[in-house]
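Quick notes on the structure that follows.
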Amino acid sequence: MILFEKDPTLEWGFIYDIEMNSEEFKRQLINSETNDERSDFCRKLVLHGTPFIFYGKEHEYYEFRKKIANHFKVSFHEVYITGSAKLGFSPYKNKEFDLDSDIDVAIISEKLFEEIMWKVNKFQLDYRGARKTPHQSEVRQYHDFLEYTALGWIRPDKLPISFQMKELKDQWFQFFNSLSYGRSEVGNYKVSAGVFKTYQHFESYIISGLTQLRNQIKLQSFNNDKSN
19 MILFEKDPTL EWGFIYDIEM NSEEFKRQLI NSETNDERSD FCRKLVLHGT
69 PFIFYGKEHE YYEFRKKIAN HFKVSFHEVY ITGSAKLGFS PYKNKEFDLD
119 SDIDVAIISE KLFEEIMWKV NKFQLDYRGA RKTPHQSEVR QYHDFLEYTA
169 LGWIRPDKLP ISFQMKELKD QWFQFFNSLS YGRSEVGNYK VSAGVFKTYQ
219 HFESYIISGL TQLRNQIKLQ SFNNDKSN
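Under our numbering, the first residue of the sequence shown is numbered 19, with each subsequent residue one higher.
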């Protein structure tokens, strides 16, 4: 899949002349030295454009997004595909996209975010008043859920299964299961999804992950140089 390479002769330039893979992605990430450059890198390569899984199939991509948008009553442009299904590889796992990979969907909707959090609010009030007593393993999972929501990201897989949360969780996974394994335009893959409160939360989370990856690569390179 042909993507972008940064041209060192241009201040912000990316050109279409190489085959993108995990190693090339990391090389360009290392070259993104400023916050502005990393933002451009993230927007051009990670967030926007047709995903790898739908390369050359833009109409199918639209229909897939439309199904999700209609179900949750959001606009189709608020539905994104992220991760290895977007890039064709995972720079974090050093792994190509394959049949064992998931299709990771991000829904950007403050309205949907608040609707889910209102249901969580009721659970939290009951939990605080000791009327709900989840298992200890669920408590740890729920704390993880709250940590992600502080970042503006709802991860339904982290919801407790107790009480009314089970109904919400079941409905969520039943819908995305209906899009998985050959039952939608995306093909024979599992579809997973989460909700970001705003685009800014989504972009900030992705850029933060890329910055951490960049720091890890630089540290590993430094340690390798020291050992040689």
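Backbone N, C-alpha and C fix where the C-beta goes; we use that ideal spot for every residue, glycine too.
Neighbourhood of I86 by C-beta distance below 6 Å, restricted to the same chain and skipping five residues each side: For the purposes of this step, residue 86 is identified with residue 68 of the sequence shown, where counting begins at 1. V97, listed in sequence order.
K84: first and last residue of the uninterrupted alpha helix (DSSP H) it sits in: Position 66 of the sequence shown holds residue 84. K84 -> alpha helix (DSSP H) spans E76 to F90.
Residues sharing a beta bridge with Q122, DSSP: Against the sequence shown, residue 122 aligns to sequence position 104. The displayed chain sequence assigns Asp, not Gln, to residue 122. DSSP lists T100 and S210 as partners of D122.
Endpoints, alpha helix (DSSP H) assigned at Y166: By one-based count along the sequence shown, residue 166 stands at place 148. For Y166, the enclosing alpha helix (DSSP H) starts and ends at Q154 to A168.
Continuous alpha helix (DSSP H) stretch holding I225: start and end: One-based indexing of the sequence shown puts residue 225 at position 207. First-last of the alpha helix (DSSP H) with I225: Y217 to S245.
Own chain partners of Y80 with C-beta closer than 8 Å, once the 5 adjacent residues on each side are dropped: As a first step, residue 80 must be located in the sequence shown, where it is residue number 62. Within the same chain, Y80 has close Cβ partners F94.
Sequence-distant residues of its chain with Cβ nearer than 8 Å to N206 (five each side left out): On the sequence shown, position 188 is the one that residue 206 refers to. Cβ within range, chain order: L117, Y199 and G200.
Closest Cα partner of L172 within the set V64, Q159, I134 and F194: Against the sequence shown, residue 172 aligns to sequence position 154. The residue asked about is misnamed: residue 172 is Ile in this sequence, not Leu. Among V64, Q159, I134 and F194, the Cα nearest to that of I172 is on I134.
Extent of the continuous alpha helix (DSSP H) run through M135: Walking along the sequence shown from the start, residue 135 turns up at place 117. Run containing M135: E128 to R146, per the alpha helix (DSSP H) assignment.
Span separating the alpha-carbon of T229 from that of R56: Sequence index remark: in the sequence shown, residue 229 carries index 211 (1-based). Sequence index remark: in the sequence shown, residue 56 carries index 38 (1-based). The straight-line gap from Cα to Cα measures roughly 8 Å.
Cβ neighbour criterion (16 or more within 10 Å) applied to T100: Locating residue 100 in the sequence shown gives position 82, where the first residue counts as 1. By the neighbour-count rule (16 or more Cβ atoms within 10 Å), T100 is buried.
Per DSSP, cross-strand counterpart(s) of E114: If you number the sequence shown from 1, residue 114 lands on position 96. Bridge partners of E114: F107.
Reduced DSSP secondary structure (H/G/I, E/B, other) of I179: Translated into the one-based positions of the sequence shown, residue 179 becomes position 161. Here I179 sits in coil by DSSP.
Rounded Cβ spacing between F214 and I126 (contact assumed at less than 8 Å): For the purposes of this step, residue 214 is taken as the residue at position 196 of the sequence shown. For the purposes of this step, residue 126 is taken as the residue at position 108 of the sequence shown. Indeed they touch by this definition, with Cβ atoms about 5 Å apart.
Inter-stretch contact (C-beta, 8 Å, three-pair minimum) for the region 230-239 and the region 44-56: With the rule of 3 Cβ pairs closer than 8 Å, the region 230-239 counts as touching the region 44-56.
Per-residue burial, L5 [other beta carbons within 10 Å of its own, 16 or more giving buried]: Residue 5 lies beyond the range of the chain shown here (19 to 246); nothing can be said about it.
Residue closest to G74, alpha-carbon to alpha-carbon, out of E203, K129, N241 and F220: If you number the sequence shown from 1, residue 74 lands on position 56. Ranking the options by Cα distance to G74, first place goes to E203.
Proximity of C60 and I225 at Cβ, strictly below 7 Å: As a first step, residue 60 must be located in the sequence shown, where it is residue number 42. As a first step, residue 225 must be located in the sequence shown, where it is residue number 207. Closer than 7 Å, so yes.
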